[in-house]
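Undergrad:
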Amino acid sequence: MSPRLFLVACFAALALAALGAVAAGTILIDRNLPEEMAQFSHIVIVYGGGIMFLLVAIIAVLWAYLDHAVAQPLSSLTRGIQTVLYANPEHRIEVDDVHQLGGLPPAVEELVAQLGVARTRVNEAITEATTRVEEQKHQLETILRELHEGVIVCNLNHHILLYNDRALDLLHVGGQLGLNRSLFSFSNRQPILHALGRLTNRLAGQEAHPEGLTVPFICATTDGRHTLEGRMGLMLDKDGNPTGYVLSFKDKTEELAALGLRDRLLRESTEGLRGPVGNLRAAAEILVAHSDMPAEEQAPFKQVVINEANFLTTRLETLAAHYRDVITGHWPTTDIYSANLFNNLMRRLRDERQLEVVMTGIPYWLHGDSYTLVEVLDMLIHKVNQHYGATTFDLEAVGGERHIYLDVIWKGAPIPAHELDTWLDLQLEDAFGRLSIRDVLEHHKTDVWSLPHRETRAQLRLPLPPAVQQGAKRERRRMPSRPEFYDFDLFRQQPDLAEIGERPLKSLTYVVFDTETTGLQPSGGDEIISIAGVRVVNGRILTGESFERLVDPGRVIPRDSVRFHGITDDMVKDKPPIHVVLPQFRQFVDDSVLVAHNAAFDLKFLKIKEEEAGVRFDTPVLDTLLLSVFLHDYTQKHSLDFVAERFGIEVRGRHTALGDALVTAGVFLKMLDVLEARGITTLNQAVAAANSIVEVRARQAAF
-17 MSPRLFLVAC FAALALAALG AVAAGTILID RNLPEEMAQF SHIVIVYGGG IMFLLVAIIA
43 VLWAYLDHAV AQPLSSLTRG IQTVLYANPE HRIEVDDVHQ LGGLPPAVEE LVAQLGVART
103 RVNEAITEAT TRVEEQKHQL ETILRELHEG VIVCNLNHHI LLYNDRALDL LHVGGQLGLN
163 RSLFSFSNRQ PILHALGRLT NRLAGQEAHP EGLTVPFICA TTDGRHTLEG RMGLMLDKDG
223 NPTGYVLSFK DKTEELAALG LRDRLLREST EGLRGPVGNL RAAAEILVAH SDMPAEEQAP
283 FKQVVINEAN FLTTRLETLA AHYRDVITGH WPTTDIYSAN LFNNLMRRLR DERQLEVVMT
343 GIPYWLHGDS YTLVEVLDML IHKVNQHYGA TTFDLEAVGG ERHIYLDVIW KGAPIPAHEL
403 DTWLDLQLED AFGRLSIRDV LEHHKTDVWS LPHRETRAQL RLPLPPAVQQ GAKRERRRMP
463 SRPEFYDFDL FRQQPDLAEI GERPLKSLTY VVFDTETTGL QPSGGDEIIS IAGVRVVNGR
523 ILTGESFERL VDPGRVIPRD SVRFHGITDD MVKDKPPIHV VLPQFRQFVD DSVLVAHNAA
583 FDLKFLKIKE EEAGVRFDTP VLDTLLLSVF LHDYTQKHSL DFVAERFGIE VRGRHTALGD
643 ALVTAGVFLK MLDVLEARGI TTLNQAVAAA NSIVEVRARQ AAF
């Protein structure tokens, strides 16, 4: 309870007690008067009432004096101490000269000064101790920046924790890539999930692998325009539990496109020769069959035909071999444990209750691309189910002399060869680059066979090469130690958005924004001419992840407004209108909490344009003006300039949308510590605190 409320309660109780005592005394006196003095009873009542009024007046005056001289100064002193402790060490505590706190304010000032000295010494020690760490961090940042590969670090929720400039270039998304955003906003989902599943299986002991906790992968950007190739590495905490993963990748779009071109040319130069070669050989056979031709005439001709036919046949096989080497040599393959491959396939099919898939036999090591093989097996199983009604399948790996065979077995008849051939040209739905089953088989230098199995069963068999290095003969490669990064609190699991209200304020992602407008009447025709925002993640203002747009308001900007923000009609000429800019800003905001100073003003402009722009701003909102009133109710100075000064925030770029957003972001981060000291730690509590100020001001306006 605050000192003011405590005084109110005490004096209210004292007043009630005094009134009760006087009233009781008056009643007793009145009842005990002799009959002959009954005419004086009204005098007793008047006397008692006067005493009651006098007591109430004395108590009220005394309370008012103590409130002004003690309670209010104590409240101001408390707020000032909190501001010094949690926001601005240079803040000067403001206490009115009319107080009865004696030497307490000077003592507090001295204590604050000594605290400042102690803080300075501690900061110097910390600075000295962390200098070398900062140097190492700078070196690591330089390395990341200069890498030719893109690097992205994600937590297990696939939210981005770190990225380098090269990742921005490779993903072709500019400033839209940001911390705590979903990786799947930029790349397709299944290859990443598949690679992560393989790594978690290895970690669980299901697959001991010489490459440790890294696997190759290929994925595409969400628009399908770029193909990325790289490696995924699993990151562990000190207890060996997975906390996230690292992706390093290159853009292989042009290289794979060139490979596709060579693929087509080689196909034409090989498959296209089969007809001429067959005709040539047929002609040679006919010539050989006609023995009536004189021998001396037949011999040279026959020899030429046979020699050319043999040459072309040999050439055909050579070209075909080169063709397969070209299209498979670049494709990223690795040693795969068949049990892990089948587990990934079964995980894909788990939700389809009409299918029952069982893994049988002894696992084997083989070599290939795990993701595309899973896609092929998945589609083949679905085709068998659709055309032959089979619902139960066995998956088995069988060892051979030169190959490892992957068998899909079901009860029924084998698939006719001509029908299976038509299936091979089907495109895989979730695979990048519109690969067909045939493409994947060619990349693996293999084919798929339809064979009878035991009794009334049939199977599809996929021959694959054995692992390059098998079992215990594998030599573990020593992987270079990865750099130690410094700010990965986002590895913590993120709760559902429905629980956002109960999440700690410091764990949330914010977009602090501001607008510049043609005037102050959003409902009277004034328009937005500039909007800007900056993201705040994990207690840091990410100036590199900002949004800033000029907007054509479709009307003349008044001179008075130009003097305020400096934006002229020429500056917004040919700029996009608000219905184009607002969806871009909404995408930038995503699921973040919005923050603004005097947020009601800026939000009114946004809400008016929601229908026209086809977006909704329905995320939570915090207002730093209302929070300032809540934290510092002893003053009436709550403009952004005064609040920034109170919290020790340097003001730059004032009266520009981005400049004001950055100042507000700095103020907001300082407020979080002071709010925490006041017991306000969750979003719901912060909203309730701001709403309480709105209610108080509404009541004040009613009187």
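Residue 631 in the working numbering sits at position 649 of the sequence shown, with consecutive numbering throughout.
Note that CB positions come from ideal geometry on N, CA and C, so glycine has one too.
Please read these numbers as outputs of a predicted model, since none were measured by experiment.
Around the Cβ of Lys589, are there at least 16 other Cβ atoms within 10 angstroms (buried) or fewer (exposed)?
TA: Position 607 of the sequence shown holds residue 589. Counting Cβ neighbours within 10 Å, Lys589 comes out exposed, since fewer than 16 surround it.
Undergrad: Which class does Ser169 belong to by DSSP, given the choice of helix, strand or coil?
TA: Numbered from 1 along the sequence shown, position 187 holds the residue referred to as residue 169. Correct three-state label for Ser169: strand.
Undergrad: Would you say Gly343 and Ala372 are within 7 Å of each other, going by their C-beta atoms?
TA: Residue numbering aside, residue 343 sits at position 361 when the sequence shown is read from its first letter. Residue numbering aside, residue 372 sits at position 390 when the sequence shown is read from its first letter. Note that the C-beta distance between Gly343 and Ala372 is not below 7 Å.
Undergrad: Cutting at 7 Å between CB atoms, please list the residues of its own chain near Phe587, excluding the five before and the five after it.
TA: The count along the sequence shown starts at 1 and reaches residue 587 at position 605. The residues are Thr497, Thr499, Pro504, Ile510.
Undergrad: Smallest Cα separation from Gly648: which of Phe629, Leu262, Leu657, Gly212?
TA: Looking up residue 648 in the sequence shown gives position 666. Selected option, being the one with the closest Cα: Phe629.
Undergrad: Just the Cα atoms here: how many angstroms apart are Arg207 and Ile142?
TA: Taking the first residue of the sequence shown as position 1, residue 207 is located at position 225. Taking the first residue of the sequence shown as position 1, residue 142 is located at position 160. C-alpha separation (whole angstroms): 21 Å.
Undergrad: Spatial neighbours of Val422 within its chain, please: CB distance less than 6 Å, with the 5 preceding and 5 following residues excluded, ordered by chain position.
TA: The residue you call residue 422 lines up with position 440 of the sequence shown. Non-local beta-carbon contacts of Val422 in its own chain, meaning distances under 6 Å to residues more than five positions away in sequence, involve Thr354, Val358 in chain order.
Undergrad: Classify Gly548 as buried or exposed, calling it buried when 16 or more other Cβ atoms lie within 10 Å of its own Cβ.
TA: As a position in the sequence shown, residue 548 is number 566, starting the count at 1. Answer is exposed; the Cβ neighbour count stays below 16.
Undergrad: Whose C-alpha, out of Leu165, Asn146, Arg148, is nearest the C-alpha of His140?
TA: As a first step, residue 140 is located in the sequence shown; it is residue number 158 there, counting from the start. Relative to the Cα of His140, the nearest Cα in the group Leu165, Asn146, Arg148 belongs to Leu165.
Undergrad: Just to confirm the assignment: which complete beta strand (DSSP E) runs, minimum length 3, are found wholly within the region 375 to 456?
TA: 386 to 393, 431 to 434, 439 to 446
Undergrad: Short check: CB of Gly506 to CB of Ser543, under 7 Å?
TA: Reading the sequence shown from its first residue, position 524 is the one you call residue 506. Reading the sequence shown from its first residue, position 561 is the one you call residue 543. Not in contact: Gly506 and Ser543 (Cβ atoms no closer than 7 Å).
Undergrad: Can you have a look at Ser463 and say buried or exposed, based on whether 16 or more other CB atoms are within 10 angstroms of its CB?
TA: In the sequence shown, the residue the question calls residue 463 occupies position 481. Residue placement at Ser463 is poorly supported in this model, since its pLDDT is 31, which falls under 50; the coordinates still yield a value, given next. Per the 10 Å Cβ criterion, exposed.
Undergrad: On a CA-only basis, which of Met653, Gly536, Ile318, His579 is nearest Arg636? Give me that one, please.
TA: In the sequence shown, counting from the first residue as 1, residue 636 sits at position 654. For Arg636, the nearest C-alpha among the options comes from His579.
Undergrad: Between the C-alpha atoms of Glu299 and Arg439, what's the straight-line distance to the nearest angstrom?
TA: Taking the first residue of the sequence shown as 1, we reach residue 299 at position 317. Taking the first residue of the sequence shown as 1, we reach residue 439 at position 457. Answer to the nearest angstrom: the Cα atoms are 36 Å apart.
Undergrad: Helix, strand or coil for Asp219? Go by DSSP, reduced to three states.
TA: By one-based count along the sequence shown, residue 219 stands at place 237. Three-state DSSP puts Asp219 in coil, outside helix and strand.
Undergrad: Going by the beta-carbon positions, is the gap between Val577 and Ile675 smaller than 7 Å?
TA: Your numbering for residue 577 matches position 595 in the sequence shown. Your numbering for residue 675 matches position 693 in the sequence shown. No. Outside cutoff.
Undergrad: Kindly confirm or deny that the region 523 to 541 and the region 613 to 622 touch, where touching means at least three C-beta pairs closer than 8 Å.
TA: no
Undergrad: Quick check on the burial criterion: 16 or more other C-beta atoms within 10 angstroms. Buried or exposed for Ile386?
TA: In the sequence shown, the residue the question calls residue 386 occupies position 404. Per the 10 Å Cβ criterion, buried.
Undergrad: Just how far apart, CA to CA, sit Ala69 and Met653?
TA: For the purposes of this step, residue 69 is taken as the residue at position 87 of the sequence shown. For the purposes of this step, residue 653 is taken as the residue at position 671 of the sequence shown. Roughly 7 Å between the two C-alpha positions.
Undergrad: Is there at least one non-hydrogen atom of the ligand PLP closer than 6 Å to the beta-carbon of Pro173?
TA: No copy of the ligand PLP occurs in the structure displayed, which carries no ligand at all.
Undergrad: Rounded to whole angstroms, what's the CA-CA distance from Leu406 to Ile397? Just pull it up for me.
TA: By one-based count along the sequence shown, residue 406 stands at place 424. By one-based count along the sequence shown, residue 397 stands at place 415. Near 13 Å, if we compare the C-alpha coordinates of Ile397 and Leu406.
Undergrad: Using only the alpha-carbon positions, how far apart do Leu327 and Val356 sit?
TA: For the purposes of this step, residue 327 is taken as residue 345 along the sequence shown, with counting starting at 1. For the purposes of this step, residue 356 is taken as residue 374 along the sequence shown, with counting starting at 1. Taking the straight line joining both Cα atoms gives about 6 Å.
Undergrad: Can you give me the C-alpha to C-alpha distance between Glu116 and Thr606, rounded to a whole angstrom?
TA: The residue given as residue 116 occupies position 134 in the sequence shown. The residue given as residue 606 occupies position 624 in the sequence shown. The alpha-carbon atoms of Glu116 and Thr606 are separated by roughly 32 Å.
Undergrad: Keeping to the same chain, check which residues put their C-beta closer than 6 Å to that of Tyr492; ignore five residues upstream and five downstream.
TA: As a first step, residue 492 is located in the sequence shown; it is residue number 510 there, counting from the start. If we look at Tyr492 and ignore the five residues flanking it on each side, its Cβ neighbours are Val518, Ser574, Val575, Val577.
Undergrad: Closest to Leu388 by C-alpha separation, out of Tyr370, Asp403, Ile363, Ala277, would be which residue?
TA: Numbered from 1 along the sequence shown, position 406 holds the residue referred to as residue 388. Ranking Tyr370, Asp403, Ile363, Ala277 by Cα distance to Leu388 puts Ile363 first.
Undergrad: Just the Cα atoms here: how many angstroms apart are Val66 and Pro224?
TA: Sequence index remark: in the sequence shown, residue 66 carries index 84 (1-based). Sequence index remark: in the sequence shown, residue 224 carries index 242 (1-based). Distance between the alpha carbons of Val66 and Pro224: 40 Å.
Undergrad: Use the C-beta contact count for Pro434: other C-beta atoms within 10 angstroms, 16 or more gives buried, fewer gives exposed.
TA: Sequence index remark: in the sequence shown, residue 434 carries index 452 (1-based). That one is exposed.
Undergrad: Tell me whether the beta-carbon of Pro314 lies closer than 7 Å to the beta-carbon of Pro198.
TA: Residue mapping note: residue 314 aligns to position 332 of the sequence shown, counting from 1. Residue mapping note: residue 198 aligns to position 216 of the sequence shown, counting from 1. Yes, the Cβ-Cβ distance between Pro314 and Pro198 is below 7 Å.
Undergrad: Between which two residues does the beta strand (DSSP E) holding Arg568 run?
TA: Position 586 of the sequence shown holds residue 568. Unbroken run through Arg568 is the alpha helix (DSSP H), 560 to 571; no beta strand (DSSP E).
Undergrad: When we look at the beta-carbon of Asn289 and count the other beta-carbons within 10 Å, is it buried (16 or more) or exposed?
TA: As a working note, residue 289 is residue 307 in the sequence shown. Flag for Asn289 reads exposed.
Undergrad: How would you label Glu424, buried or exposed, when you count the other beta carbons within 10 angstroms and need 16 or more for buried?
TA: For the purposes of this step, residue 424 is identified with residue 442 of the sequence shown, where counting begins at 1. Glu424 comes out buried.
Undergrad: Bridge partners for Pro198 per DSSP, in chain order?
TA: The residue you call residue 198 lines up with position 216 of the sequence shown. Note: Pro198 sits in a beta bridge opposite Arg213.
Undergrad: Measuring CB to CB, does Val633 end up less than 7 Å from Ala643?
TA: As a first step, residue 633 is located in the sequence shown; it is residue number 651 there, counting from the start. As a first step, residue 643 is located in the sequence shown; it is residue number 661 there, counting from the start. No.
Undergrad: Let me check understanding here. Comparing Cα to Cα, which of Val259, Ala271, Lys284 lies closest to Thr296?
TA: As a working mapping, residue 296 is identified with position 314 in the sequence shown. Minimum Cα distance to Thr296 is reached at Val259.
Undergrad: Give the range of the beta strand (DSSP E) segment to which Ala514 is assigned.
TA: In the sequence shown, counting from the first residue as 1, residue 514 sits at position 532. Here the beta strand (DSSP E) through Ala514 covers 510 to 519.
Undergrad: Taking the alpha helix (DSSP H) that Lys488 falls in, what are its first and last residues?
TA: Residue mapping note: residue 488 aligns to position 506 of the sequence shown, counting from 1. No alpha helix (DSSP H) holds Lys488; DSSP gives it neither H nor E.
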